[in-house]
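Worksheet for the structure shown next.
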Amino acid sequence: MTFGQTFVLVHGGAHGAWCFERLADRLMRAGHVAITPNLPGRAGDPTPIADITLDCYADRLCAVIEAQTRPVILVGHSSAGGVISRAAELCPTAVKKLVFMAALMATDGQTILEVFQRSESPLGAYTIQGQDGYLRYRSDVPLKDILYTDVDDHTVSRSLAMLAAEPVAPLTVPVQTTAQRWGRIPRDYLVFTDDRALSPAFLRRSYGAYPGRLTELPGSHFRFLSQPGAVAKALVEDYGGDVDLSPPRPPIAALAAVRDAPHVIASDGRGS
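Our numbering puts the first residue of the sequence shown at 99, with every later residue one more than the last.
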């Protein structure tokens, strides 16, 4: 077993680094390093919306990755599947492995939005594009039932308060990857079998088109909020470490932070 790996955990749409607090804690207590960057436009980041592109995301990740002393295990959740693929294409020697954790597989000229639409996610029916360049959810979106079905109510309520609107531009740019760079990096795939946001059947088909190991765990789209130990154990399977499998202890400390990003719930179809 090889201890002391570096995991970089990349959040998906409407979320931020805060959602990985429990998972990062379990990884670090098992002897690994866990880094949870915020993508541009999150948590007070001053990047103007006009400058937030897919390569802006990827460049930010490459800066984090290349600052480490050795190649990292790059983990993307949900829409971040396309983001980690682009980052791996730009800085492949700094990435030891890619892990798609209930994540969209957008590569080789596909856009994240195209793949999301093909997934037939129920979230699509509740999404509004505003004139300000952000996607928001309609006020009647049942996020508890779609995203957090196995997460305790306290954590759900605090998570909902932290959600932010999602920049549109990075989702609409083709994710350019090549066999010589992205294609040479080993890949693992995690599917949560009770996921209502991204169909497990759709993810299995997507991942089956590429080499890599598929692991399935029971749980919702945010299984790492309800059972962070189980998800951490799957991530460190090849590397060792004594993972704490006990239930999480709320609250998530990061959820006490003041959120100042554009709000995720639309009051009308125009955005704000």
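Beta carbons: idealized from backbone N, C-alpha and C, even for Gly.
Anyone know if the C-beta pair for residue i and residue j falls short of 9 Å?
{"i": "residue 114", "j": "residue 176", "result": "no"}
{"i": "residue 203", "j": "residue 301", "result": "yes"}
{"i": "residue 128", "j": "residue 330", "result": "yes"}
{"i": "residue 226", "j": "residue 268", "result": "no"}
{"i": "residue 162", "j": "residue 106", "result": "yes"}
{"i": "residue 275", "j": "residue 187", "result": "yes"}
{"i": "residue 305", "j": "residue 289", "result": "yes"}
{"i": "residue 265", "j": "residue 179", "result": "no"}
{"i": "residue 174", "j": "residue 201", "result": "yes"}
{"i": "residue 112", "j": "residue 160", "result": "no"}
Residue i to residue j, Cα distance in whole Å?
{"i": "residue 169", "j": "residue 222", "result": "35 Å"}
{"i": "residue 303", "j": "residue 240", "result": "26 Å"}
{"i": "residue 190", "j": "residue 155", "result": "15 Å"}
{"i": "residue 116", "j": "residue 263", "result": "15 Å"}
{"i": "residue 118", "j": "residue 278", "result": "31 Å"}
{"i": "residue 224", "j": "residue 126", "result": "36 Å"}
{"i": "residue 130", "j": "residue 136", "result": "20 Å"}
{"i": "residue 104", "j": "residue 183", "result": "18 Å"}
{"i": "residue 206", "j": "residue 194", "result": "20 Å"}
{"i": "residue 376", "j": "residue 244", "result": "As shown, the chain starts at 99 and ends at 370. That puts residue 376 outside it, with no answer to give."}
{"i": "residue 214", "j": "residue 121", "result": "25 Å"}
{"i": "residue 149", "j": "residue 340", "result": "42 Å"}
{"i": "residue 281", "j": "residue 345", "result": "37 Å"}
{"i": "residue 238", "j": "residue 322", "result": "25 Å"}
{"i": "residue 235", "j": "residue 312", "result": "31 Å"}
{"i": "residue 123", "j": "residue 198", "result": "20 Å"}
{"i": "residue 249", "j": "residue 242", "result": "8 Å"}
{"i": "residue 145", "j": "residue 338", "result": "38 Å"}
{"i": "residue 212", "j": "residue 233", "result": "15 Å"}
{"i": "residue 147", "j": "residue 230", "result": "8 Å"}
{"i": "residue 216", "j": "residue 299", "result": "12 Å"}
{"i": "residue 165", "j": "residue 310", "result": "27 Å"}
{"i": "residue 158", "j": "residue 134", "result": "12 Å"}
{"i": "residue 141", "j": "residue 314", "result": "31 Å"}
{"i": "residue 102", "j": "residue 218", "result": "38 Å"}
Given a threshold of 16 other Cβ atoms within 10 Å of its Cβ, counted over all protein chains shown, does residue i qualify as buried or as exposed?
{"i": "residue 108", "result": "buried"}
{"i": "residue 325", "result": "buried"}
{"i": "residue 343", "result": "exposed"}
{"i": "residue 259", "result": "exposed"}
{"i": "residue 167", "result": "exposed"}
{"i": "residue 132", "result": "buried"}
{"i": "residue 247", "result": "buried"}
{"i": "residue 143", "result": "exposed"}
{"i": "residue 291", "result": "exposed"}
{"i": "residue 347", "result": "exposed"}
{"i": "residue 185", "result": "buried"}
{"i": "residue 365", "result": "Because residue 365 sits at a pLDDT of 43, beneath the cut-off of 50, its placement in the model cannot be relied upon, and the following sentence gives the value as read from the coordinates. Burial call: exposed."}
{"i": "residue 358", "result": "Here residue 358 scores only 43 on pLDDT, less than 50, and its place in the model should not be relied on; the value that follows carries that caveat. Burial call: exposed."}
Assuming residue i and residue j form a contact by the criterion Cβ under 8 Å, report the distance between their Cβ atoms to the nearest whole angstrom.
{"i": "residue 208", "j": "residue 271", "result": "That pair is no contact at about 10 Å."}
{"i": "residue 172", "j": "residue 196", "result": "5 Å"}
Any 3 or more C-beta pairs closer than 8 Å across the segment 292-302 and the segment 312-332: yes
Between the segment 253-273 and the segment 281-293, do at least 3 Cβ pairs fall closer than 8 Å? no
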